[in-house]
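Note sheet for the following structure.
Number of protein chains: 2
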Amino acid sequence: MLANHPDKEQIRLENVLTALGNPLRLTVVRVLAGGGEHACSAVLSGIPKSTLTHHWRVLRDSGVIWQRPFGRENLLSLRREDLDTRFPGLLDVLLGAVENDELTQESTTRNLPPLSSK
Amino acid sequence: MLANHPDKEQIRLENVLTALGNPLRLTVVRVLAGGGEHACSAVLSGIPKSTLTHHWRVLRDSGVIWQRPFGRENLLSLRREDLDTRFPGLLDVLLGAVENDELTQESTTRNLPPLSSK
Numbered sequence: 001m002l003a004n005h006p007d008k009e010q011i012r013l014e015n016v017l018t019a020l021g022n023p024l025r026l027t028v029v030r031v032l033a034g035g036g037e038h039a040c041s042a043v044l045s046g047i048p049k050s051t052l053t054h055h056w057r058v059l060r061d062s063g064v065i066w067q068r069p070f071g072r073e074n075l076l077s078l079r080r081e082d083l084d085t086r087f088p089g090l091l092d093v094l095l096g097a098v099e100n101d102e103l104t105q106e107s108t109t110r111n112l113p114p115l116s117s118k
Numbered sequence: 119m120l121a122n123h124p125d126k127e128q129i130r131l132e133n134v135l136t137a138l139g140n141p142l143r144l145t146v147v148r149v150l151a152g153g154g155e156h157a158c159s160a161v162l163s164g165i166p167k168s169t170l171t172h173h174w175r176v177l178r179d180s181g182v183i184w185q186r187p188f189g190r191e192n193l194l195s196l197r198r199e200d201l202d203t204r205f206p207g208l209l210d211v212l213l214g215a216v217e218n219d220e221l222t223q224e225s226t227t228r229n230l231p232p233l234s235s236k
């Protein structure tokens, strides 16, 4: 278990919903849903570093992402298995909205990194 | 359209998630999911009126509930059809967690009105 991450059993739905109730953090889920680990500098574009640090903390503390140090950076990945076990269908529903709901798609596209917005 | 309620097309996923990222407001959804209109004084128990007013506003402004004046009170109902149309599966997933996820069940039981907690 990494420091500052809740155990799977400690994740609370209300914290996950609060974490995802923000267009930038929903964008992060959109990017990480592709799988694997992403350098935190490559997940959102056009956002000041101090703001990013805040968003990583909210996502990590609520149990949405893993964050692990790697060299000078942190690597981020989605806790997909844990979230799917605790709240079956939640991520699929949210990713479905990102894909199919016009307003959600728009609000999670603005700060995509260049490669992901293709 | 009632005043202060977003149109169905204006509802934003991030606002809905923020609204529901709170155990009391998730309890409201749990109660209203049974259908019909509920007097706002009968939806949560043990909460001061000023706190309730705040929660109704967050739920109404985000598009989660309808709130309409009736005599000296307001009647509340879930915007189930609108939410199901905009974000298919979201309410079902959340209500599934309320039913099956121990932590979520616990945090949405504390302030149920006497009749609903049976």
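Keeping their order, the protein sequence lines are chains G and U. Our numbering puts the first residue of the first sequence at 1, with every later residue one more than the last. Our numbering puts the first residue of the second sequence at 119, with every later residue one more than the last. Glycine residues also receive a C-beta, built at the ideal position from the N, C-alpha and C atoms. Just so you know, these numbers come straight off a predicted model, no measurement behind them.
| Asked | Found |
| --- | --- |
| Residues sharing a beta bridge with E73 of chain G, DSSP | G:F70 |
| Nearest neighbour of P141 of chain U, chosen from U:H156, U:Q185 and U:L162 [CA to CA] | U:L162 |
| Backbone secondary structure at H123 of chain U - three-state DSSP | coil |
| Residue range of the unbroken alpha helix (DSSP H) whose run includes A238 of chain U | What the structure shows of chain U is the stretch from 119 to 236, and residue 238 of chain U is not part of that stretch, so it cannot be assessed. |
| Residues near L177 of chain U by beta carbon distance below 7 angstroms, same chain, minus five either side | A137, R143, V146 and I183 |
| Beta-carbon gap between L151 of chain U and L193 of chain U smaller than 7 angstroms | The sequence shown places Ala at residue 151 of chain U, rather than the Leu named in the question. Cβ distance not < 7 angstroms, so A151 of chain U and L193 of chain U don't count as in contact. |
| Within-7 angstroms CB hit, H123 of chain U to chain G | no |
| Bridge partners - H38 of chain G, DSSP secondary structure assignment | G:L76 |
| Beta-bridge partners of I65 of chain G, as assigned by DSSP | G:L78 |
| Contacts of D219 of chain U in chain G (Cβ-Cβ under 8 angstroms) | L13, R86 and F87 |
| Chain U contact residues for V31 of chain G, given Cβ-Cβ distances below 7 angstroms | The premise fails here: V31 of chain G is roughly 16 angstroms from chain U at the closest Cβ pair, so nothing lies under 7 angstroms. |
| Contact list for A215 of chain U against chain G, beta-carbon separation under 7 angstroms | L13 and F87 |
| Rounded separation between E132 of chain U and N15 of chain G - CA only | 13 angstroms |
| heavy atom of the ligand SAH below 6 angstroms from G164 of chain U C-beta | With respect to the ligand SAH, the structure shown offers nothing to examine, as it has no ligands at all. |
| Beta-carbon contacts of S117 of chain G that lie in its chain and below 6 angstroms, excluding the five residues immediately before and after | Since pLDDT at S117 of chain G reaches only 47, below the 50 mark, its modelled position is unreliable, and no value is offered. |
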